[in-house]
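Note that the numbering used here has the sequence shown beginning at -4, numbered continuously upward. Ideal Cβ placement from N, Cα and C applies to all residues, glycine included. Computed from a predicted structure; not experimentally measured. Step one of this worksheet: look at the structure below.
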Amino acid sequence: MRNLSKCLCVAAITFAASFSAAFADDNIRFVPEPYPIGIADQGEVKHVVLKGANVSGKEINLESVMGQGVGMSNFKFPKKIAKGAAVAIEFDMDFAGMDGQINPVVVMVGTDGTPYTATLDGFVKAPIFFGEKLFDAGFYAKGEKREWTFYVWETDKKERPDLALDSAALREFSMTSKPVMLNVDKLDQIKEGGKVPGIKVTLTTKGLLREGLELKQRSIRKIVGFKSKKHPKATPEVLIVGYWKE
-4 MRNLSKCLCV AAITFAASFS AAFADDNIRF VPEPYPIGIA DQGEVKHVVL
46 KGANVSGKEI NLESVMGQGV GMSNFKFPKK IAKGAAVAIE FDMDFAGMDG
96 QINPVVVMVG TDGTPYTATL DGFVKAPIFF GEKLFDAGFY AKGEKREWTF
146 YVWETDKKER PDLALDSAAL REFSMTSKPV MLNVDKLDQI KEGGKVPGIK
196 VTLTTKGLLR EGLELKQRSI RKIVGFKSKK HPKATPEVLI VGYWKE
């Protein structure tokens, strides 16, 4: 989801900046900074190779490499990097749940505990566009009904999207939709009667669940996932927030 991805990316950039300042003369450098990873389709999995060099002035021994954020796995990296030597870090990147600009961070940790970071720069294309993606349940008591209405269309604005709740969302939500033609020239003033084929979605819950870790929290945070037959790899979703009544 776009807003969630942005939150993760902001945290990652802050993390990277703090370490870069602390170890400016003792690092592994990837150029350009941030390192471009290109454009990906939502739900796509790409193999990424970062190429850089050891500019620390000494040999670096790496113990582990990890992703600060989501979607990164199967890291491959050299255990030893000689002074001035080139270095390549490889991993798989799953772009499910992402949308728009992303800036994940790769963290390399030396055997002496020194962290080295590389901030990435990419863009994720989502085939389905939501007029709104964040909805407020307010103060909520168990079993109360809530309903939200919003518009959805395809990013290329050529065809009408097909949308259904995924299996996880069906535990707490139901939806109905009807075809509409939309004017989306101004995203804060979406109107019916335009030239863009879309759907008007009504999302309903007759009872949000409170289980597991949620029993210890008063805040509500529900990610509602959807699926599309036309775009099976896409991961469209909205976020419901609120506060449990005690």
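Tell me which residue opens and which closes the beta strand (DSSP E) that residue i is part of.
| i | result |
| --- | --- |
| Thr114 | Pro110 to Lys120 |
| Pro192 | Val191 to Thr200 |
| Asn69 | Met67 to Lys71 |
| Gly207 | Counting along the chain, Gly207 falls outside any beta strand (DSSP E), and DSSP gives it neither H nor E. |
| Asp89 | Ala81 to Asp89 |
| Arg155 | Element bounds for Arg155: n/a, residue is neither H nor E. |
| Glu232 | Glu232 to Trp239 |
| Leu129 | Leu129 to Tyr135 |
Run the CB neighbour count on residue i, radius 10 Å, all protein chains shown included, and call it buried at 16 or more, exposed below.
| i | result |
| --- | --- |
| His289 | Outside the shown range of the chain (-4 to 241) lies residue 289, about which nothing can therefore be said. |
| Asp94 | buried |
| Leu165 | exposed |
| Ile34 | exposed |
| Glu241 | exposed |
| Ile242 | Since the displayed the chain opens at -4 and closes at 241, residue 242 lies outside it and no answer follows. |
| Ala81 | exposed |
| Pro270 | Given that the chain is displayed from residue -4 to residue 241, the structure contains no residue 270 and the question cannot be resolved. |
| Gln212 | exposed |
In whole angstroms, give me the CA-to-CA distance for residue i and residue j.
| i | j | result |
| --- | --- | --- |
| Ser0 | Ile185 | Note on Ser0: pLDDT 42, under 50, position unreliable in the model; the coordinate value appears next. Using only the alpha carbons, I get a separation of about 24 Å. |
| Val236 | Gly133 | 7 Å |
| Tyr146 | Glu54 | 56 Å |
| Phe25 | Glu39 | 24 Å |
| Thr150 | Thr171 | 21 Å |
| Ile84 | Trp239 | 45 Å |
| Lys173 | Thr197 | 9 Å |
| Val104 | Gly117 | 23 Å |
| Lys181 | Gly126 | 10 Å |
| Phe70 | Met88 | 10 Å |
| Gly79 | Phe90 | 33 Å |
| Lys153 | Pro122 | 11 Å |
| Thr199 | Asn49 | 54 Å |
| Phe72 | Val60 | 7 Å |
| Lys140 | Asn56 | 57 Å |
| Leu208 | Gly52 | 47 Å |
| Gly108 | Arg205 | 40 Å |
Residue i by DSSP, collapsed to three states: which one?
| i | result |
| --- | --- |
| Ala48 | strand |
| Arg141 | strand |
| Leu203 | coil |
| Ala159 | strand |
| Arg24 | strand |
| Ala77 | coil |
| Ala35 | strand |
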